[in-house]
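First to last, the protein sequences are chains A and B.
Just so you know, we're using the numbering used here here: the first sequence kicks off at -5 and counts up by one.
Just so you know, we're using the numbering used here here: the second sequence kicks off at -5 and counts up by one.
In this text, a Cβ means the ideal position worked out from N, Cα and C, and glycines have one as well.
Here is the structure we will look at.
Number of protein chains: 2
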Amino acid sequence: MKASTILLRELAELAPLFDQLRADGLRRRQLTLPRRRLLMFLHHEGPLRSSDLAQRLAITPRAVTALVDGLVVTGYAERRPDPTDRRAMFVELTDSGTAICVDMQNSFDNFASQLFAGIDTNELDATVQTITTIRRNLEQLLVA
Amino acid sequence: MKASTILLRELAELAPLFDQLRADGLRRRQLTLPRRRLLMFLHHEGPLRSSDLAQRLAITPRAVTALVDGLVVTGYAERRPDPTDRRAMFVELTDSGTAICVDMQNSFDNFASQLFAGIDTNELDATVQTITTIRRNLEQLLVA
DNA sequence: ACACATAGTGTAGGGTATTCACTAATGAAG
DNA sequence: CTTCATTAGTGAATACCCTACACTATGTGT
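In structure tokens, the structure reads:
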């Protein structure tokens, strides 16, 4: 069996299992996976316009509206009009949204350490390189 | 930044992008991602009872029922009573279900080759090892 | 025989996503 | 300065995934 086939299958199967393991923490924080994804995106990138979020997350603008609605209800994010374009809205984290992101980042780090315990450091570094390359390839394919 | 943190983040972000790229092929085949996942699982493992599917896919039995319902409608899978336990149902692929799996496996292989082009073979092998280990760790954590 | 556990599904409800249609605002051309 | 096409965001309708809970039918152990 080709290595590429196995790798892709492993990566594809990894995600749903991984998601399952995070379900509890998400529920505890009144979050869902897509909402968490958007939240952490804002945490890393700063305030963004809805249309930019749609592009970066590779979902429709309508889906962004729905996700942001949910985050607004729980008080993790806010909409702010774009002063340079009265049609557009910026989405930004509230203080509690930022706090929850910091908190989740810590949990994430702990979980990562635990999950990768027993894997050689060099091996881990090499894997990071490869996976990063693959993600960039994917993003390229999505643009095209 | 720790390698483990980066790797976990990359893996988490890889999945939704990856899913997006497969959306077209799935629509063309009248499938969704979770239904495809169940279908390929049967393709690789053979007929399974609903409860076993729930366990292996890490979803609730009720979710399995719903997914199988969808696959029955499109004619890709069938239910067959377990002769040794009248409560239980086996789920198995139909001929057209098997055909679609073979077809998808080919597309999958082609896509994999394309996606990993330019990545060193040894590097790829090493990554497969690492990721496989990680998936096994994950499955262990889910059982616990 | 009885209590208890297990297998699968109906019901109800929340969440993610899409498509299409619509409003408001922008921007480019005459 | 008007059209006129385009863009930003959202309402409406729809499909799907998933969960929790309740229920029926069946199996299991004492």
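For B/ALA60, the three-state secondary structure derived from DSSP is helix.
DSSP places B/LEU2 in the uninterrupted alpha helix (DSSP H) bounded by -3 to 22.
By the Cβ neighbour-count rule, B/ARG80 is exposed, with fewer than 16 other Cβ atoms within 10 Å of its own.
By the criterion of at least three beta-carbon pairs nearer than 8 Å, the region 92 to 109 of chain B is not in contact with the region 109 to 124 of chain A.
Contact between the region 46 to 64 of chain A and the region 14 to 29 of chain A is present: three or more C-beta pairs spanning the two stretches fall below 8 Å.
Only exposed fits A/MET(-5), as fewer than 16 other CB atoms lie within 10 angstroms of its CB. Close to B/SER(-2), with beta-carbon spacing below 7 Å, are these residues of chain A in chain order: ALA106, SER107, PHE110, LEU118. Among the residues facing chain A, B/ALA71 is not included, as its CB has no counterpart in that chain under 8 Å away. Rounded to whole angstroms, B/GLU86 and A/GLN14 show a C-alpha spacing of 25 Å. Taken through DSSP and simplified to helix, strand or coil, A/PHE105 comes out as helix. Measuring C-alpha to C-alpha distances from B/LEU135 to each of A/GLN123, A/ALA57, A/PHE105, A/ILE125 identifies A/PHE105 as the nearest. Closer than 8 Å to the CB of B/PRO55 there is not a single CB belonging to chain A. In the displayed model, A/ALA52 falls within coil according to three-state DSSP, outside both helix and strand. Per the coordinates, the alpha-carbon of A/ARG56 lies some 15 Å from the alpha-carbon of A/PHE84. Within 10 angstroms of the beta-carbon of A/GLY69 lie fewer than 16 other beta-carbons, which makes it exposed. Pairing A/ALA111 with A/THR88 gives a Cβ-Cβ distance that is not under 8 Å. At the C-beta level, B/LEU109 and A/ILE128 come within 8 Å of one another. In the assembly as shown, B/VAL96 is an exposed residue. Its beta-carbon has fewer than 16 other beta-carbons within 10 Å. For B/ARG81, there is no enclosing beta strand (DSSP E), as DSSP marks it with neither H nor E.
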